[in-house]
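Numbering of the sequence shown is given in the numbering used here, commencing with residue -6 and proceeding in unit increments. Inspection log for the structure reproduced underneath, given as structure tokens.
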Amino acid sequence: MQPTLVDDPPAGGAWLHEIKYDGYRTQLAIAGGQVRAFTRNGHDWTNRYLGIVEAAAGIDCRSALIDGEVCVQDDLGVTDFGLLQSAMTKEPWRLVFFAFDLLHLNGVDMRRKPLEERRAHLRWILEGSSTKHILISDEYDGEGADFFKLSDQMGLEGIVSKRKGSTYTSGPTQTWLKTKCWHTDTFDVIGVDKGSDGIPYALLADEAGYRGAAFISLPASLRDVFWRYVEGRGVAKAPIIGTGRKKATWISPGLRATVRHLKGSDKLRHATVEAIEIDPADRG
-6 MQPTLVDDPP AGGAWLHEIK YDGYRTQLAI AGGQVRAFTR NGHDWTNRYL
44 GIVEAAAGID CRSALIDGEV CVQDDLGVTD FGLLQSAMTK EPWRLVFFAF
94 DLLHLNGVDM RRKPLEERRA HLRWILEGSS TKHILISDEY DGEGADFFKL
144 SDQMGLEGIV SKRKGSTYTS GPTQTWLKTK CWHTDTFDVI GVDKGSDGIP
194 YALLADEAGY RGAAFISLPA SLRDVFWRYV EGRGVAKAPI IGTGRKKATW
244 ISPGLRATVR HLKGSDKLRH ATVEAIEIDP ADRG
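Structure below.
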């Protein structure tokens, strides 16, 4: 199931709410005494998740297909995608699988059973198999707005709201809704570069160094200002090191951008330039 992105969590008592974990969507397939781990696109990543796979072998069942997210937690217990990417090769023992649904159990197709029943069976098989590598995603039965506010305050990526009584279906669905926690910051624009889609992105930095790229989403008037600045302030070399961009157009300092992006990572993710400001000394 792929949750639908919404601006606000659903109201009322017809929903259960969970933390939106910042990691790789994964399914654990247990059968015949063996465990395999598959990505959302069906790639076999068993060898990348050996600690999780070994832990799953101890789950008390003949067979199961468990849906969840592979993550790494920071010191505060918050999942961090940047830490996950690093740990995949350097610290694989830090990987944790947060289980949130059960598709099959001991030869029974659970997908047509209601959400609460699937989760009850999931909790039952996992509670008898305590391990630091496999945890169950707890649900909150209350107002989504309250849970979202708390998640935002904790610096989480967001929440997923699931309709009570819903069945499990493949692909996009309206019975799972995700609400993301966005953050707005101001960065220096140091250049522009085209992504793999051919669309130009702004390259951004702050006092900590290069922070990543952001989609340029500006009204026509500001977009013209942006490109006039870029065309008139070009420089030969990158203003800072470590960008990894070899074909970018670099510009001199003076252009600042207000950027909306996801929380929870040192590098910008799903970032969008929403406003710009030019240093008065650089106005032409």
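Ideal Cβ positions, reconstructed from N, Cα and C, are used throughout, including at glycine. Since we're looking at a predicted model, the values are computed, not measured.
Beta-carbon contacts of residue i that lie in its chain and below 6 Å, excluding the five residues immediately before and after
| i | result |
| --- | --- |
| T179 | R249 and T251 |
| A206 | Y194 and L196 |
| D145 | C174 |
| D199 | F180 |
| I183 | L196, A198 and P232 |
| G135 | none |
| D259 | G75 |
| T32 | W38 |
| S245 | R226 and V228 |
For residue j and residue i, the rounded distance between their alpha carbons
| i | j | result |
| --- | --- | --- |
| G202 | A50 | 43 Å |
| D53 | V101 | 15 Å |
| Y17 | F140 | 23 Å |
| R271 | G247 | Rather than Arg, the amino acid found at residue 271 in this sequence is Ile. Cα to Cα, the separation comes out at about 6 Å. |
| R253 | H126 | 33 Å |
| Q(-5) | I59 | 15 Å |
| T19 | C64 | 10 Å |
| Y133 | D15 | 18 Å |
| D37 | K187 | 31 Å |
| L69 | D0 | 26 Å |
| G227 | F219 | 13 Å |
| A7 | L211 | 38 Å |
| R281 | D94 | Absent from the structure is residue 281, since the part of the chain shown begins at -6 and ends at 277. |
| E267 | A92 | 36 Å |
| V223 | V185 | 8 Å |
| G337 | D190 | In the structure as shown, the chain starts at -6 and stops at 277, and residue 337 therefore has no counterpart that could be examined. |
| I234 | A264 | 21 Å |
| A4 | D131 | 19 Å |
| Q78 | D67 | 13 Å |
| L119 | A30 | 17 Å |
| T236 | M103 | 47 Å |
| E35 | A213 | A small correction: the amino acid at residue 35 is Gly; Glu does not occupy that position in the sequence shown. About 42 Å. |
| D217 | W117 | 59 Å |
| E62 | D73 | 12 Å |
8 Å Cβ cutoff met for residue i and residue j
| i | j | result |
| --- | --- | --- |
| L196 | I269 | no |
| I129 | L143 | no |
| F90 | L21 | yes |
| R278 | L261 | Given that the chain is displayed from residue -6 to residue 277, the structure contains no residue 278 and the question cannot be resolved. |
| G148 | P2 | no |
| V71 | V46 | no |
Nonlocal neighbours in the same chain, by C-beta distance under 8 Å from residue i, ignoring five residues either side
| i | result |
| --- | --- |
| S56 | I23, A24, G25, H97, L98, N99 and G100 |
| I192 | F208 |
| A229 | W243 |
| T124 | A48 and G51 |
| H176 | R253, H254, L255 and K256 |
Close Cβ partners of residue i (< 7 Å) along its chain, the five nearest in sequence each way excluded
| i | result |
| --- | --- |
| G164 | Q(-5) |
| E80 | Per the sequence presented here, residue 80 reads as Ala, with Glu not at that position. Around A80: V65, R87 and L88. |
Q: Inspect the CB distances between the stretch 238 to 249 and the stretch 167 to 175 and report whether three or more fall short of 8 Å.
A: no
Q | 3-residue-minimum beta strand (DSSP E) runs that sit fully inside the stretch 116 to 165, ordered along the chain | A | 127 to 129 and 151 to 156
(Q) I want to know whether the stretch 70 to 90 touches the stretch 37 to 56 - three or more CB-CB distances under 8 Å. (A) yes
(Q) Check whether the stretch 4 to 12 and the stretch 138 to 156 are in contact - that is, three or more C-beta pairs closer than 8 Å. (A) yes
Q: Give a yes or no on contact between the stretch 107 to 122 and the stretch 157 to 165, applying the rule of three or more CB pairs nearer than 8 Å.
A: yes
Q: Pick out the complete beta strand (DSSP E) segments inside the stretch 10 to 35, 3 residues or longer, and give them in chain order.
A: 17 to 24 and 27 to 32
Q | Completely contained beta strand (DSSP E) runs for the stretch 180 to 247, where each covers 3 or more residues | A | 193 to 199, 202 to 209 and 242 to 244
Q: Report the residue ranges of all beta strand (DSSP E) runs contained in full by the stretch 69 to 125; include only those spanning at least 3 residues, in chain order.
A: 89 to 98
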